[in-house]
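Colleague: Sequence order for the protein chains is R and V. Heads up: the first sequence runs through residues 591 to 1021, numbered per this note's numbering. Heads up: the second sequence runs through residues 591 to 1021, numbered per this note's numbering. Virtual Cβ for every residue (Gly too), placed ideally from N, Cα, C. The following block contains the structure, expressed as structure tokens.
Number of protein chains: 2
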Amino acid sequence: MLFLDITDTDFDRQFSAILNRSEETSAQVLETVRGIITDVRTRGDEALIDYTNRFDRLNLTDAAGLEIGRQEVEAAVAAVPAEDLAALKLAVERVARFHEKQKSQTWLSTEEPDILLGQKVTPLDRVGIYVPGGKASYPSSVIMNAVPARVAGVREIIMVCPTPGGEINPAVLAAAHLSGVHRIFRVGGAQAVAALACGTATIPRVDKVTGPGNIYVATAKQLVFGQVGIDMIAGPSEILVINDGTGTPAHIAADLLSQAEHDELASSILITTDRSFGEAVAAEVEYQLGQLSRESIARASWEKFGAIIVAGSLEEAAAFSNRIAPEHLELAVADPFGLLPRITNAGAIFMGHWTPEAAGDYLAGPNHTLPTGGTARFFSPLSVDDFVKKSSIISFSEQGLKRLGNDIVRIAGLEGLEAHGKSVGIRLGLG
Amino acid sequence: MLFLDITDTDFDRQFSAILNRSEETSAQVLETVRGIITDVRTRGDEALIDYTNRFDRLNLTDAAGLEIGRQEVEAAVAAVPAEDLAALKLAVERVARFHEKQKSQTWLSTEEPDILLGQKVTPLDRVGIYVPGGKASYPSSVIMNAVPARVAGVREIIMVCPTPGGEINPAVLAAAHLSGVHRIFRVGGAQAVAALACGTATIPRVDKVTGPGNIYVATAKQLVFGQVGIDMIAGPSEILVINDGTGTPAHIAADLLSQAEHDELASSILITTDRSFGEAVAAEVEYQLGQLSRESIARASWEKFGAIIVAGSLEEAAAFSNRIAPEHLELAVADPFGLLPRITNAGAIFMGHWTPEAAGDYLAGPNHTLPTGGTARFFSPLSVDDFVKKSSIISFSEQGLKRLGNDIVRIAGLEGLEAHGKSVGIRLGLG
């Protein structure tokens, strides 16, 4: 763990290891994934069965075995304890309620005579949701991807999830059921993304692929982008806490560790204007680490990518935070709303001392799919906007075309696009 | 040109050449572009100067020569005829007015006691606009990319534009000036995209790269996606006209040709419920082709990728159009607003007989940067949304955390993320 003063002369150099911790896609990964995509596009289900049997150690013999049927889903729902199911239901409801507020409407501007202009909002027809398998197979990931799609009005939501050794978390299937997923396939990796993007005889082609995944999944999403939409490229996760010396060091320490336990590449950073508060948090992290079941992961993350930084002012802390563009930002200060206008880059902002990051991970309502690794500079949280697209509406009357026709023809001429001008001229009897 | 009935038994097979006309990125292009990006990331300005001198036949010796300075821009503005400048000014004003309507506000939901939830909207800090050089260097491209960025509140707009043989269209520089571009660099190709994404000593790193380009530019945008934002992957352009037998065949023919003159890969399609109208349009296209200065391009496009299709009903025509998801869709029918609800996939929709596509290309107001090649299934026109990002706002009071705390801890437990639960438990004195 780094303990730095923001005015240290070699601050940038020391801090750079944390900023540059994301895996770069090697030429080899790129080539492997490109090969898998081509194979799935060419051989379809056959390729999908081969990869799935090989990577997930299954013995599928026909494509029908790729789908997880209704009975299997119902059995999973029945296997989840009632209280867990109730918590998942609450999450689905709250996430749906928040995302309802993101819906935008088709509009038409009628302020100008003779020319109507507007924007039509239409849900995507079919989307694919990638859900990782194995240990990081989280029901909350299903909810956070499927519910916004459902709220947007997507007609068909397809979920893919690898089942290494044939296993799948029943809570994941239950979450899919509660969230409105229509069909589920037991495929993962680059091959699953390729199947969704290209379509096979069994897996229908979708319009957009969302959801987290490893470097192969991320690279596949990047390569099919343009053929289908994708949400964002996810990297390692991070939390940054801004503190002004108020609050309880043990609470902040717990928040930093909730990020660190995710994986060894996760980064947890505190920036405080109060050095002694920072020191108290450092001591608390050490103490609490010893009590965690996932201690080894959290400790590795904290030692390599943890940092406590002392800043001269909250303004300085906010400027630093904007440079990092953290996925999760806690404003653990006395007046978080006072600080909010200074925050320009962050995935989600957790306000004050009673809003730990975990409050937003499951059921506050906002999406937990957030831009990582500094991409909050330009990416937004997953939202209903990701599951709709827009079309411009342009409607001229004869009078409208007459009013603007000469200028249209002039610009067409300036660009050397004569036929553009003629399509106006022929209507107006020009030229 | 294909003249088909939508009920023809081999309609799909015959039509597939048009659907699959986009260039696929070869492994070789991918590798070349990947090499250029790595080179620019490593050698910075030096690599940029090398590529620019080589590809654009310049003799730059230092990085300062990469920038097009204020004097050069002012000279260009002075060189553009007053009437052209006035038309460009009108376009800037109208495009700005339309895009103002797309701005969304930061919101905070206060309907629930103890828990505030919301979404903060923040402009991107710095964006890069790619403008092609040579013959397809259009002032309207500058306007359509820069104005939405300016309306969104982007602090710095950087434009890159190759100058093959040292030449640049003065109208392009004038459009940049009128649209609020802050700095302009004479670089193009994959190297320009790489410079914007990684930053060099001379060209500042941006948060997002937008704008059209050839296959090298498109591939570079795809590969830097995730490091920076990008708008969309542009492919060959197309127009689809739906007609019900009303209107004037010569007008529709002119509209089809305004698309065909763009490039040989462009596709112009008419689908009409009136066979004789379709035949009249076919004859008009032949007649008008002979009058075009860009006849050879338009004829090649029309012969290879033009089509006239006879449909049994407008419903059938709309369903076909949704399958194509055209970039430009003209509803050249008596009641275009009646047909609008059936249109689910289209970049821009041109309503009725007095709205030729060209009316939307320059100055109606909506953006002309539209999803091509069927990507209107999931992409939207370039908009102010492309130049802002959102951050979730989550604010719990002690009471709020108490109310939801147990469910948060339960889901954390279900996912095996103990430290997540502890960050809540430690505040509430649980466990």
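Between which two residues does the alpha helix (DSSP H) carrying leucine 550 (chain V) extend?
Modeller: Lying outside 591 to 1021, the shown extent of chain V, residue 550 (chain V) is not represented and no answer is given.
Colleague: To the nearest angstrom, how far is the alpha carbon of proline 671 (chain R) from that of valine 974 (chain V)?
Modeller: Here residue 671 (chain R) is taken as the residue at index 81 of the first sequence, counted from 1. Here residue 974 (chain V) is taken as the residue at index 384 of the second sequence, counted from 1. Distance between the alpha carbons of proline 671 (chain R) and valine 974 (chain V): 46 Å.
Colleague: In three-state terms, what does DSSP make of tyrosine 728 (chain R)?
Modeller: Looking up residue 728 (chain R) in the first sequence gives position 138. Tyrosine 728 (chain R): coil per DSSP, three-state reduction.
Colleague: Just tell me which of V:Thr863, V:Thr962, V:His1010 has its CA closest to the CA of alanine 843 (chain R).
Modeller: To locate residue 843 (chain R), count along the first sequence from 1; it is residue 253. Closest by C-alpha distance to alanine 843 (chain R), out of V:Thr863, V:Thr962, V:His1010, is V:His1010.
Colleague: If you measure from the beta carbon of aspartate 715 (chain R) to each beta carbon in chain V, is any gap under 8 Å?
Modeller: On the first sequence, position 125 is the one that residue 715 (chain R) refers to. Interface residue, yes.
Colleague: Please list, in chain order, the residues of the region 929-940 of chain R that have any C-beta partner in chain V closer than 8 Å.
Modeller: Leu930, Ile933, Thr934, Asn935, Ala936, Gly937, Ala938, Ile939, Phe940
Colleague: Where does serine 886 (chain V) sit, in a helix, a strand or coil, going by DSSP?
Modeller: Residue 886 (chain V) sits at position 296 when you count from the first residue of the second sequence. Three-state result, serine 886 (chain V): helix.
Colleague: Against chain V, with Cβ distances strictly below 8 Å, would lysine 691 (chain R) count as a contact?
Modeller: Against the first sequence, residue 691 (chain R) aligns to sequence position 101. Taking Cβ atoms only, chain V reaches closer than 8 Å to lysine 691 (chain R), which makes this a yes.
Colleague: Residues of the region 722-751 of chain V in Cβ contact with chain R at a cutoff of 8 Å, in chain order, please.
Modeller: Lys725, Tyr728, Pro729, Ser730
Colleague: Rounded to whole angstroms, what is the Cα-Cα separation between alanine 726 (chain R) and proline 752 (chain R)?
Modeller: In the first sequence, residue 726 (chain R) corresponds to position 136, counting from 1. In the first sequence, residue 752 (chain R) corresponds to position 162, counting from 1. Going from the Cα of alanine 726 (chain R) to the Cα of proline 752 (chain R) covers about 11 Å.
Colleague: I need the straight-line Cα distance from alanine 949 (chain R) to asparagine 957 (chain V), nearest angstrom please.
Modeller: One-based indexing of the first sequence puts residue 949 (chain R) at position 359. One-based indexing of the second sequence puts residue 957 (chain V) at position 367. The alpha-carbon atoms of alanine 949 (chain R) and asparagine 957 (chain V) are separated by roughly 40 Å.
Colleague: To which residues of the same chain is glutamine 781 (chain V) closer than 6 Å at the C-beta, ignoring the five residues directly before and after it?
Modeller: Position 191 of the second sequence, counting from 1, holds the residue named residue 781 (chain V). Closer than 6 Å at Cβ, skipping near neighbours: Ile626, Val630, Leu638, Tyr641.
Colleague: Please name the residue, chosen from V:Ile939, V:Asp925, V:Leu648, that lies closest to glycine 755 (chain V) on a Cα-to-Cα basis.
Modeller: Position 165 of the second sequence holds residue 755 (chain V). For the residues V:Ile939, V:Asp925, V:Leu648, the minimum Cα distance to glycine 755 (chain V) belongs to V:Leu648.
Colleague: According to a CB-to-CB cut-off of less than 8 Å, which residues of the region 891-906 of chain R neighbour chain V?
Modeller: none
Colleague: Counting pairs of beta carbons, one from the region 798-813 of chain R and one from the region 699-709 of chain R, are three or more of them closer than 8 Å?
Modeller: Three or more beta-carbon pairs separated by less than 8 Å are not found between the region 798-813 of chain R and the region 699-709 of chain R, which leaves the two stretches without contact.
Colleague: Looking only at its chain, what residues have a beta carbon closer than 8 Å to the beta carbon of isoleucine 1043 (chain R), apart from the 5 residues adjacent to it on each side?
Modeller: Nothing about residue 1043 (chain R) can be read from this structure; chain R reaches only from 591 to 1021.
Colleague: Does DSSP classify tryptophan 892 (chain R) as helix, strand or coil?
Modeller: Working through the first sequence from its first residue, we reach residue 892 (chain R) at position 302. Three-state DSSP puts tryptophan 892 (chain R) in a helix.
Colleague: Just checking: is the beta-carbon of threonine 863 (chain R) within a distance shorter than 8 Å of some beta-carbon in chain V?
Modeller: As a position in the first sequence, residue 863 (chain R) is number 273, starting the count at 1. So, not an interface residue.
Colleague: Helix, strand or coil: which one does DSSP assign to histidine 841 (chain V)?
Modeller: To locate residue 841 (chain V), count along the second sequence from 1; it is residue 251. For histidine 841 (chain V), the secondary structure class from DSSP, reduced to helix, strand or coil, is helix.
Colleague: Assign phenylalanine 969 (chain V) to one of three DSSP states: helix, strand, or coil.
Modeller: Sequence index remark: in the second sequence, residue 969 (chain V) carries index 379 (1-based). Of the three classes helix, strand and coil, the one that applies to phenylalanine 969 (chain V) here is coil, per DSSP.
Colleague: Do we get a CB-CB distance below 8 Å when we pair asparagine 643 (chain V) with the residues of chain R?
Modeller: Indexing the second sequence from 1 puts residue 643 (chain V) at position 53. Answer no: the Cβ-Cβ gap between asparagine 643 (chain V) and chain R never drops below 8 Å.
Colleague: Leaving aside the five residues before and after arginine 889 (chain V) along the sequence, list all residues of the same chain whose C-beta is less than 6 Å from its C-beta, in chain order.
Modeller: Along the second sequence, read from residue 1 onward, the residue named residue 889 (chain V) stands at position 299. Contacts found: Leu879.
Colleague: Over what stretch of residues does the alpha helix (DSSP H) that includes aspartate 925 (chain V) continue unbroken?
Modeller: The residue labelled residue 925 (chain V) in the question sits at position 335 within the second sequence. Counting along the chain, aspartate 925 (chain V) falls outside any alpha helix (DSSP H), and DSSP gives it neither H nor E.
Colleague: Pick out whichever of R:His943, R:Gly778, R:Glu854, R:Met734 has its Cα sitting closest to the Cα of alanine 765 (chain R).
Modeller: Position 175 of the first sequence, counted from the start, is the residue given in the question as residue 765 (chain R). Cα-wise, what sits closest to alanine 765 (chain R) is R:Met734.
Colleague: Does DSSP put histidine 958 (chain R) in a helix, in a strand, or in coil?
Modeller: In the first sequence, residue 958 (chain R) corresponds to position 368, counting from 1. The answer is coil: DSSP assigns histidine 958 (chain R) none of H, G, I, E or B.
Colleague: With three or more C-beta pairs closer than 8 Å as the rule, is the region 829-846 of chain R touching the region 976-993 of chain V?
Modeller: In short, these stretches do not touch, since the Cβ pair count stays below three.
Colleague: Taking just the CA atoms, how far does leucine 650 (chain R) sit from leucine 656 (chain R)?
Modeller: Counted from its first residue, the first sequence places residue 656 (chain R) at position 66. Counted from its first residue, the first sequence places residue 650 (chain R) at position 60. Near 8 Å, if we compare the C-alpha coordinates of leucine 650 (chain R) and leucine 656 (chain R).
Colleague: Taking all protein chains shown into account, do 16 or more other C-beta atoms lie within 10 angstroms of the C-beta of tyrosine 877 (chain R), making it buried, or fewer, making it exposed?
Modeller: Working through the first sequence from its first residue, we reach residue 877 (chain R) at position 287. Tyrosine 877 (chain R) counts as exposed, since fewer than 16 other C-beta atoms from the protein chains shown sit within 10 angstroms of its C-beta.
Colleague: What's the gap between the Cα of serine 848 (chain R) and the Cα of arginine 884 (chain R)?
Modeller: Counting from one through the first sequence, the residue named residue 848 (chain R) turns up at place 258. Counting from one through the first sequence, the residue named residue 884 (chain R) turns up at place 294. If you take the alpha carbons of serine 848 (chain R) and arginine 884 (chain R), they lie about 10 Å apart.
Colleague: How should alanine 824 (chain V) be labelled, buried or exposed, when 16 other C-beta atoms within 10 angstroms of its C-beta is the threshold for buried?
Modeller: Here residue 824 (chain V) refers to the residue found at position 234 of the second sequence. By the neighbour-count rule (16 or more Cβ atoms within 10 Å), alanine 824 (chain V) is buried.
Colleague: Just how far apart, CA to CA, sit glutamine 716 (chain V) and arginine 745 (chain R)?
Modeller: To locate residue 716 (chain V), count along the second sequence from 1; it is residue 126. To locate residue 745 (chain R), count along the first sequence from 1; it is residue 155. With the sequence shown as reference, residue 716 (chain V) is identified as arginine, and glutamine is not the correct amino acid for it. Distance between the alpha carbons of arginine 716 (chain V) and arginine 745 (chain R) is about 37 Å.
Colleague: Within 10 angstroms of its Cβ, does alanine 936 (chain R) collect 16 or more other Cβ (buried), or is it exposed?
Modeller: Locating residue 936 (chain R) in the first sequence gives position 346, where the first residue counts as 1. Buried, since its Cβ has 16 or more Cβ neighbours within 10 Å.
Colleague: Under the assumption that serine 730 (chain V) contacts isoleucine 939 (chain R) (Cβ atoms under 8 Å), give the Cβ distance between them as a whole number of angstroms.
Modeller: Numbered from 1 along the second sequence, position 140 holds the residue referred to as residue 730 (chain V). Numbered from 1 along the first sequence, position 349 holds the residue referred to as residue 939 (chain R). Contact doesn't hold; Cβ gap of about 38 Å is too wide.
Colleague: Among the candidates R:Leu1020, R:Ile898, R:Leu855, whose CA atom is the shortest distance from the CA of glutamate 874 (chain R)?
Modeller: Reading the first sequence from its first residue, position 284 is the one you call residue 874 (chain R). Nearest C-alpha to glutamate 874 (chain R): R:Ile898.
Colleague: Rounded C-beta distance between leucine 953 (chain R) and isoleucine 1001 (chain V)? I'm assuming under 8 Å.
Modeller: Counting from one through the first sequence, the residue named residue 953 (chain R) turns up at place 363. Counting from one through the second sequence, the residue named residue 1001 (chain V) turns up at place 411. 7 Å between Cβ atoms; contact.
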